[in-house]
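Report on one structure; see the data block that follows.
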Amino acid sequence: MKIKHVLATKSPIIHTITPQAPLSQAVAILSEHNIGTLVVMEDDRIVGIISERDIIRAAAQDPAIFERQVQHVMTANVITGRPSDDLKAVLQTMTNRRFRHLPILDGDILLGIVSIGDVVKAQLGEYEGKLDTLETQIIEEG
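Counted from 1, the sequence shown has number 46 at position 46 by UniProt numbering; the numbering is strictly sequential.
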């Protein structure tokens, strides 16, 4: 299974923010949309990603962090995926590199973002489909 199949099941809405936006705005967007990550964009390019975890870690270090800009808290070296990426490879990368959200690009165009939960759900669905097929074959042969 490819990541494009996971993207097809998700909402086409991608929540983004600029690096100059106040961190309080990022918190408000995350809360309003009940999401865990925002893609940080500037001039139609991904320049970072900011997650709930990034914000919590920064707040633990500096309670006044909410007065700062997103760019001071975001992860700048963003790992991205492509629609043609294999689901198992993406899951392996996300697990090994210890991140939970992966922006998906087609060239420089942001198509969407997948979470580790999305990938696991798709993987389970694939396994269930294979199991159903095997069960059907056993019943037909029996």
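We put the CB at the ideal spot given by N, CA and C, even for glycine. These numbers come from a predicted model, not from an experiment.
Per-residue DSSP class, three states only, for residue i
| i | result |
| --- | --- |
| GLY81 | strand |
| MET41 | strand |
| VAL73 | coil |
| LYS4 | helix |
| ILE65 | helix |
| residue 143 | Because the chain is modelled from 1 through 142, residue 143 falls outside the range shown and cannot be assessed. |
| GLY48 | strand |
| GLY36 | coil |
Alpha helix (DSSP H) segment containing residue i, residue limits
| i | result |
| --- | --- |
| VAL27 | 23–33 |
| ILE125 | Checking the displayed sequence, the identity of residue 125 turns out to be Gly instead of Ile. From DSSP, the alpha helix (DSSP H) with GLY125 extends over 116–141. |
| GLU52 | 52–61 |
| THR95 | 87–97 |
CB-CB length for residue i against residue j, believed under 8 Å
| i | j | result |
| --- | --- | --- |
| ALA26 | ILE55 | 7 Å |
Option nearest residue i by Cα separation, candidates the options
| i | options | result |
| --- | --- | --- |
| LEU23 | ASN96, ILE50, GLU126 and ASP108 | ILE50 |
| LYS2 | GLU140, GLU135 and VAL120 | VAL120 |
| LEU102 | ASP108, THR93 and ILE109 | THR93 |
| MET74 | ALA8, GLY112, SER11 and ARG53 | ARG53 |
Segment limits, beta strand (DSSP E) that includes residue i
| i | result |
| --- | --- |
| ASP108 | Neither: ASP108 is in no beta strand (DSSP E) and is coded neither H nor E. |
Chain-order list of residues whose beta-carbon lies under 6 Å from that of residue i (same chain, five-residue window excluded)
| i | result |
| --- | --- |
| GLN20 | GLN69 |
Beta-carbon proximity list for residue i, same chain, < 8 Å, skipping 5 on both sides
| i | result |
| --- | --- |
| ARG82 | ILE3, ILE104, LEU105 and ASP106 |
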